[in-house]
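J.: Read in order, the letters of the sequence shown are residues 153 to 472 in the numbering used here. From the three backbone atoms N, C-alpha and C, an ideal C-beta is built for every residue, glycine too. Handing you this structure, nothing more for now.
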Amino acid sequence: MRWRGRREDAPAPGPGPAATDRPSSDGLPRVAAITMTRDSGPVLRRWVEHYQRQLRADDVFVVDDHSVDGSTDDLPCTVLRLPYLDKYTFEPSRMGILSGLATSLLFAYDAVLLADADEFVVADPAKHDSLRHFAAARQGSAVAGVLGYNVIHRVDVEPPLDFAAPSLLRQREFARFTPLMCKPALKWVDADWAHASHGIRHPFEPDPELFMFHLKFADVDQLRLLAEQRHQAAVVEGRAVKSGWSRPTDEIVEALRTAAAQIATAEEQGELGRFRPGPKKIAAIVQNEGDLWRATGAGQHLALARPPYVRIPDELRDLV
């Protein structure tokens, strides 16, 4: 039997008593945010600060996969530093580590959120004051998926991202809704993530009140640097060779430039899509494959260069 990080006689972590039953609680669920990172650059500190605002200062955990760029130094959160991952192949190692960490945290937290270092999850501010308020509203749930958006840098119109500015999304106006990015980000139960966190071994569906903004394509210079790092990791180390990591850097940057040009055309012709997809589209995103449920759709780079594009609502731009 695979080791699950608990005794055989210990209960599986899952939805526990209401947060209001705890005398030391502020009445909201305890939610932890976790990520694994390697050389993510300046976006990582913003990731930490974002989830500390949404959750609590001590509830953010960064797993450092042997970073050398200084991005994990002096972070105001718990940093777990790993040795070089060469015992097993990369993707099973990453999913195993993150799923195992979440299993452990569910003995102390009501729910765990997993997001990459450039993924910023927010709840609809018209209905929830924070991610913890969202978790309270979904008390008794098992897994909640996000509506995933790739934020786009209009290279010839918008300047580089200022990571010291109060808001990142106030510097960007458009995004592309991407079904593949509708990940099972928030979970209350012990279920392993899979397929690079696009899937999980439990039924789920995207929640129309939970949004994820992916900033991979939000700055062309950061994109070029990240794409080159990942391409080298795929070619030299054999990491994630079946993913977008193996794509040449120029190809990825060109997809962003194509998207930026098409946004200008769509805006001029009044052909922008609506921000929130309809219920039928949301219901068709997740597919079941045996004991796995995963978000499906065109790969990020292919989808990025295809309309429709959407304007990010002002009330959401203020949250990231």
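Does the pairing of the stretch 253-261 with the stretch 217-224 give three or more beta-carbon distances under 8 Å?
T.: no
J.: Could you check the C-alpha separation between Pro400 and Ala289 for me, to the nearest Å?
T.: Near 43 Å, if we compare the C-alpha coordinates of Ala289 and Pro400.
J.: Any chance the stretch 240-247 sits against the stretch 189-207, with 3 or more Cβ pairs inside 8 Å?
T.: No, the stretch 240-247 is not in contact with the stretch 189-207.
J.: Starting from Tyr203, follow the alpha helix (DSSP H) in both directions and report where the run begins and ends.
T.: 195-206
J.: Quick one, which of Leu444, Gly430, Leu471, Asp359 has its alpha-carbon nearest Ala343's?
T.: Ranking Leu444, Gly430, Leu471, Asp359 by Cα distance to Ala343 puts Leu444 first.
J.: How long is the line joining the alpha carbons of Ile404 and Ala379, rounded to whole angstroms?
T.: Rounded to whole angstroms, Ile404 to Ala379 spans 7 Å at the Cα level.
J.: Following the continuous alpha helix (DSSP H) through Phe242, name the residue where it begins and the one where it ends.
T.: 242-257
J.: So, with DSSP's three-state summary, where would you put Phe369?
T.: coil
J.: Taking the beta carbon of Gly297 as the centre, do at least 16 other beta carbons fall within 10 Å, making it buried, or is it exposed?
T.: buried
J.: Can you give me the start and stop residues for the alpha helix (DSSP H) that Ala413 sits inside?
T.: Counting along the chain, the alpha helix (DSSP H) containing Ala413 begins and ends at 401-420.
J.: Any idea which residues DSSP pairs Thr230 with across the strands?
T.: As DSSP reads the structure, Thr230 sits in a beta bridge with Phe213.
J.: Who are the Cβ neighbours of Ala457 in its own chain at under 7 Å, not counting the five residues just before and after it?
T.: Cβ neighbours of Ala457 beyond the five flanking positions: Ala407, Thr410, Ala411.
J.: Among all the DSSP beta bridges, which residues are the ones paired with Arg446?
T.: Gly351, Gln439
J.: For the alpha helix (DSSP H) that contains Ala287, what are its first and last residues?
T.: 283-289
J.: When you compare only the Cα positions, how much space is there between Arg154 and His354?
T.: In this prediction, Arg154 scores a pLDDT of 32, lower than 50, which makes its location untrustworthy; the coordinate-derived value is nonetheless stated afterwards. The alpha-carbon atoms of Arg154 and His354 are separated by roughly 18 Å.
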